[in-house]
Amino acid sequence: MSGWDENDAFEAAVPLSQRAMAARPAPYLDDLNPAQRAAVEALDGPVLMLAGAGTGKTKALTARIVHLLNMNRARPNEILAVTFTNKAAREMRSRVGRMLGDVAEGMAWMGTFHSLSVKILRRHAELVGLKSNFTILDTDDQLRLLKQLIAAANIDEKRWPARLLAGIIDGWKNRAMTPDRVPSSEAAAFNNRGTELYEQYQERLRNLNATDFGDLLLHCVVIFQKYPDVLEQYQRRFRYILVDEYQDTNVCQYLWLRLLAQAHKNICCVGDDDQSIYGWRGAEVGNILRFEKDFPGAVVVRLEQNYRSTPHILAAASAVIARNEGRLGKTLWTEEQAGEKVRLIGHWDGEEEARWIGEEIEGLQRGRGARARHSLEDMAILVRASHQMRAFEDRFLTIGLPYRVIGGPRFYERQEIRDAMAYFRLAVSPDDDLAFERVVNTPKRGLGDKAVQLVQIEARAIGMSLLEGARSLLAKAGIGGKGAAQLRVFVEGVDRWHAAVRNVRIVAPEDSLIEPLLPETPPANADSHVRLAEVILEESGYISMWQNDKTPEAPGRLENLKELVKALEQFDSLQGFLEHVALIMDNEREEAEEKVTIMTLHAAKGLEFPVVFLPGWEEGLFPSQRSMDESGKKGLEEERRLAYVGITRAEELCTISFASNRRVYGQWQSQMPSRFIDELPGAHVEVLTPPGLMGGGYGAAAGFGFSSGMEERVTKADVYNSPGWRRLQERTTRPVSQPSEARNMTIEATAVSAYVTGERVFHQKFGYGEITGIEGDKLDIEFDHAGLKKIVARWVVPAHQVDDVPF
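First residue of the sequence shown? That's 1 in the UniProt record's numbering, and the numbers climb one at a time after it.
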């Protein structure tokens with residue numbers, strides 16, 4: 001017994017098999033940092049791996065699976081590994097395979113929530129009234145079935161579209177609600193018939209032996225709750241559960257996981273509450289925030305060492321997200337070199353923003369200054385809303401800069417843009433048969449395939465265009481019913497628009513529906529091709545179609561149509577615009593291997609780029625006014641998480657920009673910088689000066705309204721060196737302040753409190769003007785060259801402060 005100590009006692013208590021397994025080499029642990037290793041080695045009980053952006057969560061998650069197998073804690077088919085995408089599942093399986101070889105092939109329960117649920121449901125389909133060979137409906141089949149139910153219920157499908165009902169039902173399924181569990185507070189959904197139609201829909205699916213995607217998880221949850229023996233079977237099978245992107249789970253997925261984990265409680269969830277940005281599609285950030293309450297005694301490991309971004313970028317992202325109250329909290333850090341500060345620049349308008357970013361991309365591609373050259377593949381533009389892409393696409397197409405749009409079609413390839421362009425083409429050239437075919441029944445005019453065929457047959461018979469064929473068919477009463485009346489209205493509309501193209505003087509009817517589309521009434525002198533485009537979209541019923549569409553996509557389509565009309569302002573005629581689009585689309589260099597990436601912030605999650613541009617940081621755009629109106633503080637915090645995601649996509653260089661004015665239907669509107677800008681830490685931000693008084697391409701003289709004769713002797717250097725310009729810059733871009741406790745940068749103009757009616761002022765876009773009225777912080781200003789505008793007071797300065805700019 002001599003030499004017996006506590007260590008010997010401990011080793012005697014540990015089974016020899018476990019001791020032998022622990023002695024096996026584990027090279028996969030050597031590459032892990034201390035936090036990652038702690039998360040990997042905490043095998044027993046619930047574990048939350050709180051993994052910040054770029055902290056190597058996939059590496060740690062994969063190593064944990066390998067460690068479980070290497071330590072003989074579980075066989076491959078006893079590990080349930082859940083991901084959100086098939087791509088992530090393939091990547092994880094590939095990594096495990098590289099470490100352990102063929103063992104990875106035995107991991108039969110690695111996949112997405114839906115793919116794993118299908119396997120379970122096939123085995124127990126009869127418990128929910130299905131057969132094991134059930135089919136899974138795609139979106140089109142689902143909508144077709146819902147349309148049948150809506151028609152049978154005598155509900156007007158135009159007012160209550162099937163797509164809206166599909167979204168409502170999907171939302172209920174995401175929250176694990178069967179028809180009998182829908183709360184009474186939601187009973188008024190879909191014209192007070194939502195729950196009734198939901199029940200009929202589920203019954204119809206059972207009769208068809210079919211499910212939709214929402215059913216795959218919901219049926220499993222129902223089975224687990226109603227049949228404890230089945231649940232116990234899977235609880236015994238899955239000794240360890242691992243979940244990726246836990247912050248993106250909805251209520252149904254949460255219940256699915258919690259039910260399976262109740263027995264062993266060996267569940268490891270990996271996620272980042274600061275990157276929960278999918279609340280609009282059912283994700284509940286509360287799932288990750290209450291993990292420790294759901295699983296008492298849980299080990300929480302924070303992965304905070306970032307391997308992606310520079311310290312300046314991480315500091316900027318951390319300062320913004322720190323303003324959120326609903327978070328668990330962590331501090332990202334890195335051993336990388338400091339690199340460049342996050343760059344911030346304000347532009348006069350959105351077009352100038354697009355021009356400047358285009359020039360920056362070309363400069364980075366060439367390796368301008370001291371910077372290394374960057375491939376176009378290294379650069380990305382991340383926007384809050386898809387309609388922002390139009391300005392960049394137009395600019396890049398014009399200068400021949402190759403680009404790709406991720407997560408959706410390019411602007412001019414979107415359905416609503418193609419439809420609108422077809423209407424414009426018909427107005428310019430009524431003989432355009434392709435345009436006629438595209439929109440003759442869009443929106444629906446009661447013309448079936450047979451009626452369109454009759455028009456085609458008539459056109460061939462008389463040897464003329466489809467429009468003339470329709471006119472001829474109507475004249476001989478070759479088509480009847482509601483479709484004939486609607487076709488006549490369409491033909492007369494094309495005739496009227498074509499006449500207007502040749503004499504662009506448009507007066508909208510008194511009952512015009514244009515107003516809901518436009519933010520404010522166009523000025524009286526706006527009788528032009530722009531106004532004509534608005535009237536075409538209104539009179540055709542195309543705008544009304546999307547206004548009455550209650551699907552989630554409809555508001556975005558209307559925003560894109562606004563952008564399309566806005567683009568017309570840069571051209572003299574509809575025909576000129578159509579030619580421009582046709583030429584630039586035809587000249588795009590599809591063969592180019594390198595392309596700049598344009599995508600939304602939502603689509604960018606999980607990606608990374610050496611160079612990132614974040615444009616449009618303006619109140620109402622980002623954070624989104626709609627999100628804040630609909631969800632209040634919860635919506636604002638999700639918008640802030642989206643800002644955090646955007647900044648942390650950048651590896652080396654991050655540029656944030658905003659525009660102080662945006663031109664909307666002939667009206668200049670002042671924009672306020674996003675509140676997120678003032679949440680950036682001043683010590684880590686460099687405020688850039690625009691390349692010219694009005695930005696590149698305008699020239700300093702033009703910015704101050706100089707005559708063409710003066711432009712030759714007044715240079716940009718003259719303006720920038722003038723005391724008046726320096727004072728103007730001091731007022732409109734204050735230096736970064738760094739208080740000891742909150743080093744927040746403020747770039748907003750200082751408040752002006754003493755303006756009076758009749759005072760002369762200066763605005764960077766509109767030049768000199770006289771105040772004619774004051775309402776709070778809004779000034780009515782009659783500008784010398786731009787007319788009457790309503791401007792926020794802090795965007796103007798007294799005229800005498802710029803009078804010493806050299807003329």
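For each residue, glycine too, the CB sits at the ideal point set by N, CA and C.
Since we're looking at a predicted model, the values are computed, not measured.
{"Check": "8 Å contact criterion, which alanine 470 and leucine 487 should meet: CB distance rounded", "Outcome": "6 Å"}
{"Check": "Threonine 398 in three-state terms, based on DSSP", "Outcome": "helix"}
{"Check": "contact_flag[the stretch 216-231, the stretch 66-75] where n(CB pairs < 8 Å) is 3 or more", "Outcome": "no"}
{"Check": "Residue 815 - containing alpha helix (DSSP H), residue span", "Outcome": "With the chain covering 1 to 807 only, the question about residue 815 has no answer from this structure."}
{"Check": "Closest Cα partner of valine 687 within the set Thr211, Arg343 and Ala176", "Outcome": "Arg343"}
{"Check": "Cα-Cα separation, phenylalanine 676 to glutamate 335", "Outcome": "26 Å"}
{"Check": "Distance between glutamine 225 and phenylalanine 622 (C-alpha atoms, nearest Å)", "Outcome": "42 Å"}
{"Check": "Cβ-based burial, glycine 358 [other Cβ within 10 Å; buried from 16]", "Outcome": "buried"}
{"Check": "Contact belief for proline 443 with methionine 545 at Cβ below 8 Å, rounded distance in angstroms", "Outcome": "4 Å"}
{"Check": "Collapsed DSSP secondary structure at lysine 595 in the structure displayed", "Outcome": "coil"}
{"Check": "7 Å Cβ shell around leucine 121 - same chain, five flanking residues per side excluded", "Outcome": "Leu216, His219 and Cys220"}
{"Check": "Endpoints, the beta strand (DSSP E) within which threonine 655 is located", "Outcome": "650-659"}
{"Check": "From Phe609, Gln625, Trp160 and Ile361, residue whose alpha carbon lies closest to that of valine 645", "Outcome": "Phe609"}
{"Check": "Integer Cβ distance of valine 535 from glutamate 569, believed to fall under 8 Å", "Outcome": "The pair is not a contact, with the Cβ atoms about 16 Å apart (cut-off 8 Å)."}
{"Check": "Straight-line Cα distance separating alanine 74 from aspartate 102", "Outcome": "16 Å"}
{"Check": "Reduced DSSP secondary structure (H/G/I, E/B, other) of arginine 760", "Outcome": "strand"}
{"Check": "Three-pair Cβ contact test at 8 Å for the stretch 81-100 versus the stretch 244-251", "Outcome": "yes"}
{"Check": "Cβ-Cβ distance between isoleucine 313 and threonine 597 below 7 Å", "Outcome": "no"}
{"Check": "Valine 285 classed as buried or exposed, judged by whether at least 16 other C-beta atoms fall within 10 angstroms", "Outcome": "buried"}
{"Check": "Counterpart residues of serine 670 in DSSP-defined beta bridges", "Outcome": "Asn661"}
{"Check": "Close Cβ partners of valine 491 (< 6 Å) along its chain, the five nearest in sequence each way excluded", "Outcome": "Ala470 and Arg471"}
{"Check": "Beta-bridge partners of histidine 347, as assigned by DSSP", "Outcome": "Ala659"}
{"Check": "Nearest-angstrom beta carbon gap, phenylalanine 113 and tryptophan 256 [assumed within contact, 8 Å]", "Outcome": "7 Å"}
{"Check": "Three-state secondary structure (DSSP) of isoleucine 120", "Outcome": "helix"}
{"Check": "C-alpha gap between leucine 145 and glutamate 413, whole angstroms", "Outcome": "29 Å"}
{"Check": "Cα-Cα separation, isoleucine 781 to arginine 641", "Outcome": "38 Å"}
{"Check": "Inside the stretch 258-296 only - beta strand (DSSP E) runs reaching at least 3 residues", "Outcome": "267-271"}
{"Check": "Same chain only: Cβ atoms within 6 Å of alanine 53, ignoring 5 sequence neighbours per side", "Outcome": "Thr648"}
{"Check": "Three-state secondary structure assigned by DSSP to isoleucine 241", "Outcome": "strand"}
{"Check": "First through last residue of the alpha helix (DSSP H) which encompasses threonine 334", "Outcome": "Note, threonine 334: premise wrong, no alpha helix (DSSP H); not H, not E."}
{"Check": "Inter-residue Cα distance where the pair is glycine 339 and threonine 310", "Outcome": "6 Å"}
{"Check": "Residue 812 burial status per 10 Å Cβ neighbour count (16 or more: buried)", "Outcome": "In the structure as shown, the chain starts at 1 and stops at 807, and residue 812 therefore has no counterpart that could be examined."}
{"Check": "Whole-angstrom C-beta distance between alanine 189 and isoleucine 168, which should lie under 8 Å", "Outcome": "5 Å"}
{"Check": "Where lysine 790 sits in the DSSP three-state scheme", "Outcome": "strand"}
{"Check": "Extent of the continuous alpha helix (DSSP H) to which glutamate 468 belongs", "Outcome": "466-475"}
{"Check": "Proximity of leucine 29 and arginine 302 at Cβ, strictly below 7 Å", "Outcome": "no"}
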